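2 protein chains.
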Amino acid sequence: MIDLEKDIQDMAIRGRKAARTLVGLSTKAKNKALLSMASGINEKRDFIQMENAKDLKAGEKKGLSSAMLDRLELSDKVIDSMMKGLSEVAALPDPVGEIEKMVKRPNGLMVGRMRIPLGVIGMIYESRPNVTVDAAALCLKAGNAIILRGGSEAIHSNRALASVLQEVLEGEGIAADAIQVIPVTDREAVNIMLRQEEYIDLIIPRGGEGLIRFVAETSRIPVLKHYKGVCHIYVDSDADLELATPVIVNSKAQRPGVCNALEGLLIHKDIAEHYLPQLAGEFKKHNIRMLGCERSVQIVSDITAARDEDWGTEFLNLSLCVKVVEDMEEAFSYIEEYGSQHTEIILSENYSNVQRFLKEVDASAVMVNASTRFNDGGELGLGVEIGISTTKLHAYGPMGLEELTTRKFIVYGQGQVRT
Amino acid sequence: MIDLEKDIQDMAIRGRKAARTLVGLSTKAKNKALLSMASGINEKRDFIQMENAKDLKAGEKKGLSSAMLDRLELSDKVIDSMMKGLSEVAALPDPVGEIEKMVKRPNGLMVGRMRIPLGVIGMIYESRPNVTVDAAALCLKAGNAIILRGGSEAIHSNRALASVLQEVLEGEGIAADAIQVIPVTDREAVNIMLRQEEYIDLIIPRGGEGLIRFVAETSRIPVLKHYKGVCHIYVDSDADLELATPVIVNSKAQRPGVCNALEGLLIHKDIAEHYLPQLAGEFKKHNIRMLGCERSVQIVSDITAARDEDWGTEFLNLSLCVKVVEDMEEAFSYIEEYGSQHTEIILSENYSNVQRFLKEVDASAVMVNASTRFNDGGELGLGVEIGISTTKLHAYGPMGLEELTTRKFIVYGQGQVRT
Numbered sequence: 001m002i003d004l005e006k007d008i009q010d011m012a013i014r015g016r017k018a019a020r021t022l023v024g025l026s027t028k029a030k031n032k033a034l035l036s037m038a039s040g041i042n043e044k045r046d047f048i049q050m051e052n053a054k055d056l057k058a059g060e061k062k063g064l065s066s067a068m069l070d071r072l073e074l075s076d077k078v079i080d081s082m083m084k085g086l087s088e089v090a091a092l093p094d095p096v097g098e099i100e101k102m103v104k105r106p107n108g109l110m111v112g113r114m115r116i117p118l119g120v121i122g123m124i125y126e127s128r129p130n131v132t133v134d135a136a137a138l139c140l141k142a143g144n145a146i147i148l149r150g151g152s153e154a155i156h157s158n159r160a161l162a163s164v165l166q167e168v169l170e171g172e173g174i175a176a177d178a179i180q181v182i183p184v185t186d187r188e189a190v191n192i193m194l195r196q197e198e199y200i201d202l203i204i205p206r207g208g209e210g211l212i213r214f215v216a217e218t219s220r221i222p223v224l225k226h227y228k229g230v231c232h233i234y235v236d237s238d239a240d241l242e243l244a245t246p247v248i249v250n251s252k253a254q255r256p257g258v259c260n261a262l263e264g265l266l267i268h269k270d271i272a273e274h275y276l277p278q279l280a281g282e283f284k285k286h287n288i289r290m291l292g293c294e295r296s297v298q299i300v301s302d303i304t305a306a307r308d309e310d311w312g313t314e315f316l317n318l319s320l321c322v323k324v325v326e327d328m329e330e331a332f333s334y335i336e337e338y339g340s341q342h343t344e345i346i347l348s349e350n351y352s353n354v355q356r357f358l359k360e361v362d363a364s365a366v367m368v369n370a371s372t373r374f375n376d377g378g379e380l381g382l383g384v385e386i387g388i389s390t391t392k393l394h395a396y397g398p399m400g401l402e403e404l405t406t407r408k409f410i411v412y413g414q415g416q417v418r419t
Numbered sequence: 420m421i422d423l424e425k426d427i428q429d430m431a432i433r434g435r436k437a438a439r440t441l442v443g444l445s446t447k448a449k450n451k452a453l454l455s456m457a458s459g460i461n462e463k464r465d466f467i468q469m470e471n472a473k474d475l476k477a478g479e480k481k482g483l484s485s486a487m488l489d490r491l492e493l494s495d496k497v498i499d500s501m502m503k504g505l506s507e508v509a510a511l512p513d514p515v516g517e518i519e520k521m522v523k524r525p526n527g528l529m530v531g532r533m534r535i536p537l538g539v540i541g542m543i544y545e546s547r548p549n550v551t552v553d554a555a556a557l558c559l560k561a562g563n564a565i566i567l568r569g570g571s572e573a574i575h576s577n578r579a580l581a582s583v584l585q586e587v588l589e590g591e592g593i594a595a596d597a598i599q600v601i602p603v604t605d606r607e608a609v610n611i612m613l614r615q616e617e618y619i620d621l622i623i624p625r626g627g628e629g630l631i632r633f634v635a636e637t638s639r640i641p642v643l644k645h646y647k648g649v650c651h652i653y654v655d656s657d658a659d660l661e662l663a664t665p666v667i668v669n670s671k672a673q674r675p676g677v678c679n680a681l682e683g684l685l686i687h688k689d690i691a692e693h694y695l696p697q698l699a700g701e702f703k704k705h706n707i708r709m710l711g712c713e714r715s716v717q718i719v720s721d722i723t724a725a726r727d728e729d730w731g732t733e734f735l736n737l738s739l740c741v742k743v744v745e746d747m748e749e750a751f752s753y754i755e756e757y758g759s760q761h762t763e764i765i766l767s768e769n770y771s772n773v774q775r776f777l778k779e780v781d782a783s784a785v786m787v788n789a790s791t792r793f794n795d796g797g798e799l800g801l802g803v804e805i806g807i808s809t810t811k812l813h814a815y816g817p818m819g820l821e822e823l824t825t826r827k828f829i830v831y832g833q834g835q836v837r838t
């Protein structure tokens with residue numbers, strides 16, 4: 001007889017206890033453990049793939065799409081890339097213990113801020129079992145314990161990976177509860193997890209918008225998330241159009257199914273008549289389909305007239321919306337109405353317009369003369385990312401190691417008292 | 420006929436619209452407005468005090484304590500100090516637009532993080548009407564709109580202050596909705612406010628533990644708060660006892676009724692027999708009462724034996740708990756069990772113990788050889804504070820202007836595409 005409520009709470013309590021011991025770990029010890037995790041996964045490759053095969057078989061029976069089965073599979077290539085990911089995390093600088101902004105106060109107190117782990121992170125995700133290893137590695141490096149809740153279709157794979165990682169932790173003298181996988185697939189387990197605000201400090205959900213909305217609306221623990229990416233490019237009247245075209249095409253077509261792909265194009269009226277036909281010719285070569293405003297349809301006849309519901313859609317395919325705008329102000333209003341605070345781009349050579357766009361547009365990444373596809377932890381220099389946040393509190397944009405930590409004040413005194 | 424739900428939501432929507440216009444304001448314009456707010460309050464002193472008198476009269480009728488009435492009163496001195504606060508906020512550096520960590524990526528992209536306002540802040544507080552002005556000033560300087568919900572006993576004062584501030588904003592050409600006071604005293608207004616997650620970005624509650632727990636449990640918007648301050652000092656075996664005594668006395672007695680006052684003293688067993696009697700003598704002079712563990716009572720007979728429920732109590736008066744501990748490990752466990760992650764101090768001359776304490780103790784401020792009373796925004800160099808957070812996400816410790824902002828990524832490109 002299983003008492004799910006008690007079991008999940010016990011996991012959260014054990015995670016909290018483990019987190020307490022991780023704070024004192026040296027960078028060397030954490031890196032050694034990460035590299036041992038890579039070897040451990042290599043050694044247990046057969047076991048992991050055997051367990052993965054159970055998930056794949058069950059998935060086939062359930063009629064999962066081949067794309068879904070593909071994401072589920074722990075092929076040699078995927079296992080190799082998990083191992084590479086572990087070495088990469090080991091090579092990143094350790095944020096924990098870094099002291100920022102140490103200043104001397106008039107009374108002689110030395111005041112600084114020390115980076116510390118957040119504590120216990122709960123990760124809720126869908127099919128890819130490699131997230132189990134990637135997320136565990138980042139959390140360990142940042143000194144956090146992690147509780148993972150993957151999709152039910154990957155349960156055997158996730159349990160197998162967790163058992164390998166926990167065995168490695170034990171061998172390294174690190175609390176095995178630093179990495180825990182919820183071993184049951186009941187949806188109720190997620191509900192219980194989201195009530196453990198006393199023991200879990202942060203929830204990161206990754207997956208479809210439905211999952212993320214459910215988590216955000218249910219959780220009593222703070223959640224860092226993004227629902228979707230509806231990214232725009234504004235082509236200014238002063239844009240360098242030779243630069244613009246490859247950037248726009250790359251933003252839409254390089255990988256259309258991801259959150260930082262382009263979904264809407266705003267073109268200044270002064271260049272629309274000249275530029276839209278040119279762009280349409282280029283789009284044809286890449287099978288990019290345009291759904292446009294009335295004015296754009298008048299300029300290029302094979303643009304489909306957009307319906308009201310098309311504006312602000314996250315297409316995740318080779319379609320995009322096109323709108324001719326009066327000025328940058330109209331672009332601002334459009335982005336405010338239809339954007340998802342993810343990625344917004346201006347293409348322009350006009351200094352003042354660029355500065356105003358950077359300052360006033362509200363999105364996790366605002367860029368000039370570059371592809372939307374660069375809003376990614378690796379590309380922006382974070383090393384690796386555990387997700388992207390379009391919530392403003394704590395982290396806005398890709399989240400790396402630093403975003404898995406916080407800062408406390410530290411003070412060196414010499415007997416000061418307050419008067 | 421009032422539709423409260425619609426009215427509060429309208430305020431939130433207007434706050435969001437005003438916030439959009441604040442992002443583009445120059446530092447100069449914000450500072451000018453802050454100084455005009457000070458003059459405005461000075462000019463409308465009579466009106467403000469007349470409205471305040473209504474609250475005071477109602478408070479007397481309701482039988483409020485003289486301490487409560489004192490906090491409620493907008494005397495000339497309090498009005499002068501609000502004016503001084505406004506000038507101080509005007510003099511602080513503007514965090515908005517600051518760019519941190521600009522780095523060049525291998526592909527030539529310049530990547531940085533720009534500080535931006537959070538958006539709309541909701542402030543929920545109890546009696547002191549001066550909080551209305553202090554909080555509005557900080558939020559305006561950080562480019563945020565604010566919606567204020569003060570205590571019902573201060574409603575006339577808060578409405579009067581808001582009308583003066585809004586008139587000044589209008590005169591300065593700034594959206595008056597940047598500063599709004601909820602004009603009704605229904606408790607239901609708070610419930611409605613806490614559901615406006617679409618328009619309000621952050622809630623800061625200030626007041627008693629009951630109010631704060633209610634807000635934290637009800638809100639769908641992120642909340643930064645601290646419930647209480649149960650602060651400790653650990654006196655190490657290597658402490659400089661001449662330094663220790665004034666620090667301990669200051670921590671407890673300088674202002675016992677506040678959250679950064681000392682509530683628990685942990686003394687290493689090697690010095691307890693020598694030091695406790697000495698300390699007890701000093702405590703007597705300051706009327707400090709000790710509730711102690713068995714060992715402490717054996718050493719000093721006039722220590723009262725602590726009951727189980729005394730440990731971890733926020734006394735807010737001249738009492739404190741005393742416990743003799745085996746070693747620093749026992750101090751760590753005690754702090755973990757009874758602390759409130761507010762302020763924790765080590766008194767020691769031992770280098771390694773100091774470093775370990777700073778690293779491993781989990782509190783918003785961890786200090787060496789200094790009074791607990793220094794955990795305060797002004798004392799730690801933030802200029803002013805809007806509250807203290809013992810929640811780890813986003814801000815841990817006193818919150819100043821920087822904590823009322825977040826950072827977005829900005830990228831300067833030259834036509835880069837992703838391959």
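Read top to bottom, the protein sequences are chains A and B. Counted from 1, the first sequence has number 112 at position 112 by this note's numbering; the numbering is strictly sequential. Position in the second sequence (first residue = 1) + 419 = this note's numbering. Where a beta carbon is used, it is the ideal one built from N, C-alpha and C, also for glycine. Every value quoted in this text rests on a predicted model; they were computed, and no experiment measured them.
With distance defined between alpha-carbon atoms, name the residue in the options nearest to residue i.
i, options, result
"L662 (chain B)", "A:T27, A:K32, A:D80 and A:Q414", "A:Q414"
"N144 (chain A)", "A:I121, A:V361, A:N42 and A:V133", "A:I121"
"L621 (chain B)", "B:G629, B:R606 and B:R639", "B:R639"
"V181 (chain A)", "A:V361, A:S87 and A:D7", "A:D7"
"I204 (chain A)", "A:G210, A:N191, A:E217 and A:K225", "A:K225"
"V190 (chain A)", "A:N369, A:R407, A:A12 and A:A142", "A:A12"
"K252 (chain A)", "A:L86, A:N287 and A:D240", "A:N287"
"Y646 (chain B)", "B:E586, B:D422, B:S783 and B:Q835", "B:S783"
"A370 (chain A)", "B:C712, B:A635, B:Y831 and B:V780", "B:Y831"
"G841 (chain B)", "B:V508, B:V603 and B:I574", "Absent from the structure is residue 841 (chain B), since the part of chain B shown begins at 420 and ends at 838."
"S500 (chain B)", "B:D553, B:V677, B:M469 and B:N577", "B:D553"
"M786 (chain B)", "B:L528, B:K704, B:V803 and B:G816", "B:G816"
From the DSSP output, which residues share a beta bridge with residue i?
i, result
"P256 (chain A)", "None, per the DSSP bridge assignment."
"T304 (chain A)", "A:L291"
"E153 (chain A)", "Bridge partners of E153 (chain A): none, in fact."
"P624 (chain B)", "B:I543"
"A370 (chain A)", "B:Q835"
"S389 (chain A)", "A:G397"
"H687 (chain B)", "B:V744"
List, in order along the chain, the chain B residues whose C-beta lies closer than 7 Å to that of residue i?
i, result
"Q414 (chain A)", "N788"
"S394 (chain A)", "Here residue 394 (chain A) is His; the residue named in the question, Ser, does not match the sequence. L812 and H813, listed in chain order."
"N158 (chain A)", "By Cβ distance, chain B contributes nothing, its closest Cβ being about 26 Å from N158 (chain A), past 7 Å."
Can you find a C-beta in chain A that's less than 8 Å from the C-beta of residue i?
i, result
"T723 (chain B)", "no"
"D513 (chain B)", "no"
"R614 (chain B)", "no"
Any beta-carbon of chain B closer than 8 Å to the one on residue i?
i, result
"G207 (chain A)", "no"
"S364 (chain A)", "yes"
"F374 (chain A)", "yes"
"V218 (chain A)", "Note on residue identity: the sequence assigns Thr, not Val, to residue 218 (chain A). It does not; no Cβ of chain B falls within 8 Å."
"P222 (chain A)", "yes"
"I204 (chain A)", "no"
"E438 (chain A)", "Nothing about residue 438 (chain A) can be reported from this structure: the residues present for chain A run from 1 to 419 only."
"R105 (chain A)", "yes"
Could you tell me which chain A residues have their CB closer than 9 Å to the CB of residue i, listed as they occur along the chain?
i, result
"Q673 (chain B)", "V417, R418 and T419"
Return yes when the C-beta of residue i is under 7 Å from any heavy atom of the ligand GDP, and no when it is not.
i, result
"E586 (chain B)", "Here there are no bound small molecules, and the ligand GDP is not part of this structure."
List, in chain order, every chain B residue whose beta-carbon is nearer than 8 Å to that of residue i.
i, result
"D201 (chain A)", "K811 and L812"
"L118 (chain A)", "K811 and L812"
Whose Cβ in chain A lies nearer than 7 Å to the Cβ of residue i?
i, result
"L823 (chain B)", "Correct list: empty, because the minimum Cβ distance to chain A is about 11 Å."
Residue ranges of each alpha helix (DSSP H) run of no fewer than 4 residues wholly in the stretch 732-782 of chain B, ordered along the chain? If only uninterrupted alpha helix (DSSP H) runs of at least 4 residues are considered, those enclosed by the stretch 732-782 of chain B are 747-757 and 770-779.
Report the start-end ranges of each beta strand (DSSP E) in the stretch 62-130 of chain A that is 3 residues or longer and not cut off at the edges. At a cut-off of 3 residues, the continuous stretches assigned as beta strand (DSSP E) that sit fully inside the stretch 62-130 of chain A are 99-104, 110-117 and 120-125.
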